[in-house]
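Engineer: Numbering (our numbering), first residue to last: 1 to 211.
Using N, Cα and C, we set each Cβ at its ideal position, and we do this for glycine too.
Here it is, the structure in full.
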Amino acid sequence: MNIKSLAHVLTDIQKLKRTEEMKRYSTFDRRISFLKRNSKINKRNYKSGRTILEKRLSAVDCELIKVPGDGNCLFRSISCNLFNEQRYHMYVRKRCVQHMLNCKDEFSIYFEEGAFYEYTEKMSQNGYWGDELCIKATADAFDCVVYIITSTADNWHLKYESKHRTEGKHKKCVFLAYTSPVHYDSFRLTRANQVGSLQAESTLGPLMLFL
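Put into C-alpha cells, the structure is as follows:
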C-alpha cells in the first residue's frame, strides 16, 4: 500500500491519546515475545485489549483487517500490506530471516553467544511467532515504513523505518494492529484525504526498537 500522507491520522491519534488516562505500560518490551510462547493467555485481558485496539482504530478512521492466529499472524499481516494477500507470509518470513543473517553484526548483538543462530533457525519455521526484531528486519528488507497501533496503555502508536533513506522517494507503508501481547492484524486507511506526505512522525517520534 503506497501512501503519501498519514498526517491526518497521526493528528487524530495524538488527540485520542491525550484523552486516555491509563497506567503506563511499555508496549514493545522484546521479552514479551518469548514469554508469550510459554504462557497461557488471559482471555479476559485479551478481549479487553482487543476492544481498546478496535476503538482506537475506529477513532482515527482506520479499518481492522483480521488474520488467523496460527503463529504466522505478523508475517500474514505484513504480506497483506505488501502483496494484498496473506498467502505470501512464508516469503516474507524468509526474507526477514535472511536479512537478519546478512546483517548478523547488527542483529546478533541482542543475543548471547550462539543463541542468534538458534533464534533465526526457529524463526524460519512455519508457525513460529514473529517479534519486534522481525518488524525491524522487515522494514529494512522491503525498504518500507511500518506503522503500528497497539492495545497497550502508552507508546501505542509506533513507527519503524527502513535504514535505507532515499530523499524524495515515498516508501511503501505497512500498517499493523497489535493486540498485546499475542496477536497481529493488519489495518487500512478508509479516507481518501489521508493520502499526502510521508514526513509525519509517530506519536513517539522516530522509533527503532524497544529492547
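1. Check this for me: beta carbons of residue 146 and residue 135, under 7 Å apart or not?
2. Are the CB atoms of residue 66 and residue 185 within a distance shorter than 7 Å?
3. When burial is assigned at 16 or more other CB atoms within 10 Å of the CB, is residue 35 buried or exposed?
4. Helix, strand or coil, according to DSSP, for residue 180 in the structure here?
5. Considering only C-alpha positions, which residue in the set 148, 97 and 149 is nearest to residue 125?
6. Tell me the rounded alpha-carbon separation between residue 176 and residue 57.
7. According to DSSP, is residue 143 part of a helix, a strand, or is it coil?
8. If you run the structure through DSSP and keep just helix, strand and coil, what is residue 191?
9. From the DSSP secondary-structure annotation, give me the bridge partner or partners of residue 158.
10. Shortest alpha-carbon distance to residue 103 belongs to which of 133, 89 and 92?
11. On the three-state DSSP scale, how would you describe residue 186?
12. In terms of residues, what are the limits of the beta strand (DSSP E) holding residue 78?
13. Do residue 95 and residue 59 have their C-beta atoms closer together than 7 Å?
14. Do residue 179 and residue 61 have their C-beta atoms within less than 7 Å of each other?
15. Using only the alpha-carbon positions, how far apart do residue 92 and residue 12 sit?
16. Can you tell me which of the three DSSP states residue 118 falls into?
17. Please work out which residues of its chain come closer than 8 Å, Cβ to Cβ, to residue 118, disregarding the five sequence neighbours upstream and downstream, and give them in chain order.
Structural biologist: Based on what the coordinates show:
1. yes
2. yes
3. Confidence in residue 35 is poor, its pLDDT being 45 and thus under 50, which makes the residue's placement too unreliable to answer from.
4. coil
5. 97
6. 11 Å
7. coil
8. coil
9. 148
10. 133
11. strand
12. Counting along the chain, residue 78 falls outside any beta strand (DSSP E), though it belongs to the alpha helix (DSSP H) covering 73 to 83.
13. no
14. no
15. 31 Å
16. Residue 118 falls in the helix class under three-state DSSP.
17. none
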